[in-house]
Amino acid sequence: MVAGAGATIFCAILVIYLAAYARVTNLGLAQSSARVHLHQLKQENETLRAQLAQVQNPDRIVAHATTLGMMTSANQVCYITRDGQAVPANTNMGERLPGVTSSGANSVNIASASFGH
Amino acid sequence: MARTQSTSHQHLSVIRPRAIAIFATIAAANLLLAGRLFYLQTIRHSYYVEQADSVRVNKNDLLPKRGQILDRNGDVLAINVPAKQIFADPWEIEDRAAAVSVLAPMLGMEPDLLEQRLDPGTNKKRHYVLLMRHASLELGGQIKALKLRGVGVGPDTRRSYPNGALAAQMIGFTDRDSKGVEGLEHSQESMLVGAKGSITGEVDPHGRFMPGTIIQKDPENGADLVLTIDKALQHAADMELSAAVKAHHAKSGVAIILDPRNGEILALSNAPTFDPNQPKPPGRLTQEQGLAAAALWRNGAVSDLYEPGSTMKTITASAVLQNKGLDVMHDHVYCNATWQYGGHTIHCAPDPPYYGHHGSEDLRGVLKESCNIGMAQFGLKIGPDNLYKYLQSFGFFEYAHSGLPGEQKSWLKSPDEFNKYTGSVGWSKIQFANISFGQGISVTPLQMATAYGAIANNGVMMRPHIIKATRKGDVETLIAPELIRQVVDPKTAEATRSMLGTVVQEGTGKPAQIAGFSVGGKTGSAQVSGPHGYENGHYVASFIGMVPLSKPRLVILCAVFEPQGVHWGAAVAAPVVHNLAKTAVLQMHLTPDAPELVDWADHHKKKVAPSHVSIDSIGVSSIATPED
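Chains L and P, in that order, give the protein sequences.
Read left to right, the first sequence gives residues 1046 to 1162 (the working numbering).
Read left to right, the second sequence gives residues 75 to 702 (the working numbering).
If you want it as structure tokens, here you go:
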């Protein structure tokens, strides 16, 4: 009777121990797998950051903008008047300069001028 | 009985020496063993512990991540890209021909070369052959999937510069082991590199760490560097400068954009330039090719000395104003195109279209017309000692300490030192006259920009700097702007700025005019000296401007070295400053301070008289202060 009870208790403890051991092993495997996944994601993240930086390369943006006709051509300068109108500087409208609030556009090519030092 | 005793004595007499001998031998042996034990356990203790640990304990380095380099807005300038390295153990490869046929196209190697590399030869220790560094993760994965015996794939890191040549000389580059070689990558190596970590523990026969014995020390990653430069402005500077250098077939060029209020370098550009992702052409280089490639790495803005020419007149004028008071502006000197002084003839622009003969002129007129003779005469009013003192005060004889490597400074001797050319103490007359208009003194472009920064900042010179902050994890440490000194009084600085405004509105600097903003600046067209004096046809065309002149936010310098054909600063360098100023005021959302001012391009096209608005008549202080 006592021996039977002892065997039962032993078996129960063994089952609990094995179950816990299996659980710990599974968790260990899951943790290991998660670590590998985390490492891969970190690498992917770093690669994506580098790719993003490459996409933001100003040379590339300028080249695309030029292809799409979004760049101002040489000597194309606009002034924004107080009433919000864009006035090309190389037209007679440019005479309305007292109303200028801001200047626009980018590169302006100036023909070589001969001046002193 | 007596016989027995006699026998016993005989035995003893035989045994005793033997016993003593045996005892002595055993004692000596024990002593030797004890000595050996002492030697092994005490004297060689650490050695044998180390030997035992080397078998039982393993230690692997954990490498830190190199810090990134970012611009002031957080845009990436230098970054680490995860990569793979491909290696092989030649003795482990079973079918070399098959391995070569599969790997050669993937690695982009010649089959013969790969075959040679994978040949184990007779060297039994040849167990590691590096086949490729910095391979992409995809390629690493593909090679790993092949499961070729004897071929391995390991972790690696590649330093990448995603903007290509942008600010290449300033940022520099690393070698293939990610160690800084040039530029900030080199000078800030200790900050970027971080500290190694380690993982230590007992290992099983397979070399695997045994649980419970592992001691891990995490690596300390390098700090990120946040620079003061603005990527957009830097790109504009790179583009405009390279276009000018190309258009004028010049040897090289430098452009700097500086915030005079705090000394932040917003852009620093050199031309010609290189791509730090591939700092030298692939393959074997001849010595000449190697030197040519290395010459492109040089940051001329801080490392190259040049004679600034007429841009130095602003400094001389400022020194005269500070020393003699503002009333000196009403003094007049006379220019007759040539002036005999100190046994030499000083000319005022002998070449067309800008002949000298400026006649009677005041200090403003001297700057406006960039008159050498007039400036030398105004310089004489303060003398060499005072001029040297102000040059010193403007920082030309000290390193800029901007954080950029390879800085140079002017080595001009003071007037109280022995002059080997004259054989006496002091500057010669012609030397003094030359220095007053920027010849005979060599400075770096960054020193010139910093000196103009002091004039722009009401006489307060700020330390030019390139590092805005360092970032470690979430902790950002800002580098505070450093005030160097008050060089001249605010009134002197304001008067000098007013004269620089006149130069741009009415004088030689007209091509720097931009619409809506008051611009001040000075042109320079300096002769280049060689081993046998000034060389014909070799010039430095430069322009240094500030905008908006009423409260300068930007000092912009452009110097183009040895342009072919036209060599005037107004024609070669001022348009670059003009374009950069236009871009910068838009980029920084500055409010126009002088809406009535017109862009030079419009004057040029429509033949509008450029002097219809004069800084003289407006006065710098009466121009509305711009808002950010």
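Yeah, the Cβ is synthetic: ideal placement off N, Cα and C, and Gly gets one too.
Any idea if residue i is buried or exposed, counting beta-carbon neighbours within 10 angstroms, 16 or more meaning buried?
i          : result
ASN610(P)  : exposed
HIS539(P)  : buried
TYR464(P)  : buried
ASP251(P)  : exposed
LEU114(P)  : exposed
PHE247(P)  : buried
ASP490(P)  : exposed
SER624(P)  : buried
ARG140(P)  : buried
ARG1141(L) : Note that ARG1141(L) scores 40 on pLDDT, short of 50, meaning its location in the model is unreliable and no value can be drawn from it.
THR1136(L) : For THR1136(L), the pLDDT reaches just 45, beneath the cut-off of 50, and the residue's location in the model is therefore unreliable, although a value from the coordinates is still provided. So THR1136(L) counts as exposed.
THR81(P)   : exposed
GLN451(P)  : buried
SER128(P)  : exposed
ALA1057(L) : exposed
ILE245(P)  : buried
Would you check if the distance between the CB atom of residue i and the CB atom of residue j is smaller than 8 Å?
i         : j          : result
LEU400(P) : ALA569(P)  : yes
LYS158(P) : VAL227(P)  : yes
ALA189(P) : ARG207(P)  : Residue 189(P) is actually Glu in this sequence, not Ala. No, they are not a contact pair.
GLY238(P) : ASN1102(L) : yes
LEU478(P) : SER343(P)  : no
LEU365(P) : PHE348(P)  : no
GLU168(P) : ARG223(P)  : yes
GLY590(P) : ARG571(P)  : no
LEU628(P) : ASP298(P)  : no
GLY514(P) : GLN505(P)  : yes
PRO156(P) : GLN1088(L) : yes
VAL131(P) : THR302(P)  : no
LYS398(P) : LYS483(P)  : no
ILE389(P) : ALA523(P)  : no
MET536(P) : GLY469(P)  : no
ILE447(P) : TRP413(P)  : yes
ASN295(P) : ARG233(P)  : no
VAL29(P)  : GLY453(P)  : Outside the displayed span of chain P (75 to 702) sits residue 29(P), for which this structure offers no information.
Mind pulling the chain P residues with CB within less than 8 Å of residue i?
i          : result
ARG1094(L) : VAL150, ILE153
GLN1088(L) : PRO156, LEU211
Taking the alpha helix (DSSP H) that residue i belongs to, which residues open and close that run?
i          : result
SER467(P)  : 457-467
GLU1091(L) : 1047-1100
ILE447(P)  : 446-454
ASN132(P)  : Segment 131-136 is the beta strand (DSSP E) holding ASN132(P); no alpha helix (DSSP H) there.
GLU670(P)  : That residue, GLU670(P), is in no alpha helix (DSSP H); it is neither H nor E in DSSP.
VAL174(P)  : 170-181
TYR408(P)  : First-last for TYR408(P): 407-409, but that is the beta strand (DSSP E), not the alpha helix (DSSP H).
PHE506(P)  : 503-510
GLY257(P)  : 257-261
ARG438(P)  : 437-443
ILE529(P)  : 519-530
So with CB distances below 9 Å, who are the chain L contacts of residue i?
i         : result
LYS305(P) : GLN1101, PRO1103
HIS201(P) : Near HIS201(P) there are no residues of chain L at all, since even the closest Cβ is about 27 Å away, more than 9 Å.
Interface residues of chain P around residue i at Cβ under 7 Å?
i          : result
ALA1098(L) : VAL150, ILE153, PRO236
Could you spell out where the beta strand (DSSP E) holding residue i opens and where it closes?
i         : result
ILE540(P) : Premise fails: ILE540(P) is in no beta strand (DSSP E) and is neither H nor E.
ARG233(P) : 225-234
ALA615(P) : 607-621
GLN159(P) : 150-162
THR419(P) : 418-421
ASP298(P) : 298-301
SER343(P) : 338-345
MET206(P) : 203-209
Could you work out which residues of chain L lie near residue i, taking near to mean beta carbons separated by less than 7 Å?
i         : result
HIS309(P) : PRO1103
Can you pull the chain L residues whose beta carbon is under 8 Å from the beta carbon of residue i, in chain order?
i         : result
LEU240(P) : ASN1102, PRO1103, ASP1104
Sufficient close CB pairs (3 or more, under 8 Å) joining the stretch 590-602 of chain P to the stretch 614-630 of chain P: yes
The stretch 572-581 of chain P touching the stretch 372-382 of chain P, judged by at least three CB pairs closer than 8 Å: In this structure the stretch 572-581 of chain P does not lie against the stretch 372-382 of chain P, because fewer than three pairs of beta carbons, one per stretch, are closer than 8 Å.
Whether or not the stretch 333-342 of chain P and the stretch 305-324 of chain P are in contact is what I'm after, with contact meaning three or more pairs of Cβ atoms, one per stretch, closer than 8 Å; do they touch? Three or more Cβ pairs closer than 8 Å define a contact, and the stretch 305-324 of chain P meets that threshold against the stretch 333-342 of chain P.
Could you say if the stretch 431-448 of chain P and the stretch 390-407 of chain P meet the contact criterion of at least three C-beta pairs nearer than 8 Å? A contact is defined here as three or more CB-CB pairs under 8 Å, and the stretch 431-448 of chain P meets this definition with respect to the stretch 390-407 of chain P.
Touch test, the stretch 619-639 of chain P against the stretch 319-330 of chain P, Cβ-Cβ under 8 Å, three pairs minimum: yes
Evaluate the contact criterion for the stretch 1056-1065 of chain L versus the stretch 196-203 of chain P: three or more CB pairs, one atom per stretch, below 8 Å. no
At least 3 beta-carbon pairs within less than 8 Å: the stretch 537-555 of chain P vs the stretch 485-501 of chain P: no
Flag this pair as touching only if the stretch 528-547 of chain P and the stretch 271-287 of chain P have three or more C-beta atom pairs under 8 Å; answer yes or no. no
Would the stretch 581-589 of chain P and the stretch 441-460 of chain P be scored as touching if the rule is three or more Cβ pairs under 8 Å? Taking a cut-off of 8 Å for Cβ pairs, the stretch 581-589 of chain P and the stretch 441-460 of chain P touch, as three or more such pairs fall below it.
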